[in-house]
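The opening position of the sequence shown corresponds to residue 2 in our numbering, with each subsequent residue numbered one higher. All residues carry an ideal CB built from backbone N, CA and C; glycine is no exception. No experiment lies behind these values; they were computed from the predicted model shown.
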Amino acid sequence: MKWQQIPLGGIQTNCYIVENADRTCLIFDPGGEAKKLINLLNSRRLKPLAILLTHAHFDHIGAVDVVRERYSIPVYLHKQEEKWLGDPKMNGSDFFSLIEPVIVNPADEIMKEEGALQIHDFVFHVYHTPGHSPGSVSYYFDKEGFVISGDALFQGSIGRTDLPGGNQIQLLKSIHDKLLTLPEETYVLSGHGPVTTIVDEMDSNPFLNGF
Numbered sequence: 002m003k004w005q006q007i008p009l010g011g012i013q014t015n016c017y018i019v020e021n022a023d024r025t026c027l028i029f030d031p032g033g034e035a036k037k038l039i040n041l042l043n044s045r046r047l048k049p050l051a052i053l054l055t056h057a058h059f060d061h062i063g064a065v066d067v068v069r070e071r072y073s074i075p076v077y078l079h080k081q082e083e084k085w086l087g088d089p090k091m092n093g094s095d096f097f098s099l100i101e102p103v104i105v106n107p108a109d110e111i112m113k114e115e116g117a118l119q120i121h122d123f124v125f126h127v128y129h130t131p132g133h134s135p136g137s138v139s140y141y142f143d144k145e146g147f148v149i150s151g152d153a154l155f156q157g158s159i160g161r162t163d164l165p166g167g168n169q170i171q172l173l174k175s176i177h178d179k180l181l182t183l184p185e186e187t188y189v190l191s192g193h194g195p196v197t198t199i200v201d202e203m204d205s206n207p208f209l210n211g212f
């Protein structure tokens with residue numbers, strides 16, 4: 002199993018493709034540029050099985066409907082943001098004057114609790130990591146040694162908490178209780194910026210010192 006990072010959209014949000022040897026794949030946070038993403042998937046002859054969202058902010062969902070329709074696949078989202086996809090005020094697109102309101106059709110699969118999730122041959126864990134937004138989740142692939150953290154944890158930083166439902170204390174608690182308990186060598190695949198590791202953020206992230 003391997004993964005690929007693809008920055009998409011005006012804010013260059015990281016979309017991730019996680020694929021198996023049989024060329025089936027999962028798509029995480031297709032934030033925009035649907036045509037670019039579809040061309041990449043088709044050029045590599047990948048077979049998408051599902052779209053999984055770390056959260057429902059506009060820059061993580063912009064290509065959802067086009068990609069979902071192209072491959073007839075379900076979209077997974079946490080229950081606390083079930084209504085956000087179709088609400089520009091909640092998904093944040095109303096806050097930025099240069100961005101068209103983002104309205105996406107409802108998710109097909111609503112995640113209501115943490116735990117193991119299996120889609121075809123993909124097996125991973127879902128952790129509820131709120132703070133950046135109420136329904137933020139992280140997807141941990143323990144055997145492969147990486148976690149897709151969305152906008153919870155970045156290299157040297159953490160997610161913003163000034164959008165609807167944001168809470169910095171809650172975010173720091175999520176990071177410490179859920180992410181920093183993962184093996185230190187775990188790769189952190191963030192929603193923006195470069196890949197990092199748990200140990201690097203434990204050692205050098207200024208937002209995590211002294212919490």
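- The residues E20, in chain order, have a CB closer than 7 Å to that of K3 in the same chain once the five nearest residues on each side in sequence are set aside.
- In the structure shown, the three-state DSSP call for I199 is helix.
- Excluding residues up to 5 positions away in sequence, T55, T130, S139, L180, V189, L190, S191, G192 lie with their Cβ nearer than 8 Å to the Cβ of S150 in the same chain.
- Between A57 and N106 a beta carbon distance of about 12 Å is seen, past the 8 Å cut, so the two are scored as non-contacting.
- If only complete runs of 4 or more residues are kept, the region 17-63 shows the alpha helix (DSSP H) at 35-44, in order along the chain.
- Between K80 and G132 a beta carbon distance of about 17 Å is seen, past the 8 Å cut, so the two are scored as non-contacting.
- Only residues of its own chain outside the window of five on either side were considered, and among them P89, S94, D95 have a CB closer than 7 Å to the CB of P102, listed in chain order.
- Closest in alpha carbon position to S44, among K36, L50, A51, is K36.
- The Cβ atoms of R69 and I39 lie no closer than 8 Å to each other.
- Here H126 has A117, Y141 as same chain residues with Cβ atoms under 6 Å from its own Cβ, once five neighbours each way along the sequence are excluded.
- Listed in chain order, the non-local C-beta contacts of L164 below 6 Å within the same chain comprise G93, local neighbours out to five positions each way being set aside.
- Under DSSP, the beta-bridge partners assigned to F155 are S158.
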